[in-house]
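Numbering-wise, this note's numbering puts 51 at position 49 of the sequence shown, and it's gapless, one number per residue.
The beta-carbon is built from N, C-alpha and C at its ideal position, and this holds for glycine as well.
All of these numbers come straight from a predicted model, not from anything done at the bench.
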Amino acid sequence: MDSTLKRPSEPAGQRAAVSHVAPADRDLAYDADAGEIRLPVTVHFTDSTTMETVLRLGPGRAELLAIQVEQAIAQRAKAQRAMPE
C-alpha cells in the first residue's frame, strides 16, 4: 500500500509537524512474502491535514506489541474495577 497524501504542497522547509498517528479504519493484513504485519495508519499534522500510510511490524515487534496491548487492556480493566460507582 502506498502512502496517500491529502496535503497541499508546501514550500521547502515549511512543513507542519506531526500531531499524532492513529490506526486507520481498515483492517491490518499479514504479508507472508515480507513476513510482516501491515497496519494502515493515518498521520495527523498540526495544520489539520492528514496522510495515510502503513506501519510495518516484523514478527518480534508484532509479538511485543501484542503483549503490551494485552497488558494495557488488563491495567485499564483493573482501574475501572477500582473506581467507585
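- Ala74 has its alpha-carbon roughly 10 Å from the corresponding atom of Ala81.
- Pro42: member of the beta strand (DSSP E) spanning Glu38 to Phe47, first to last residue.
- Taking 8 Å as the upper bound for CB-CB distance, Thr48 and Ala19 are in contact here, some 5 Å apart.
- Nearest Cα to Thr44 within the set Gly37, Pro25 and Ala31: Pro25.
- Within the same chain, no residue comes within 6 Å of Ala34 by CB-CB distance, once the 5 residues on both sides are set aside.
- In the DSSP assignment, Val23 is bridged to Val45.
- Nearest in C-alpha terms to Val23, of all of Tyr32, Leu67 and His46, is His46.
- Per DSSP, reduced to three states, the secondary structure at Glu65 is helical.
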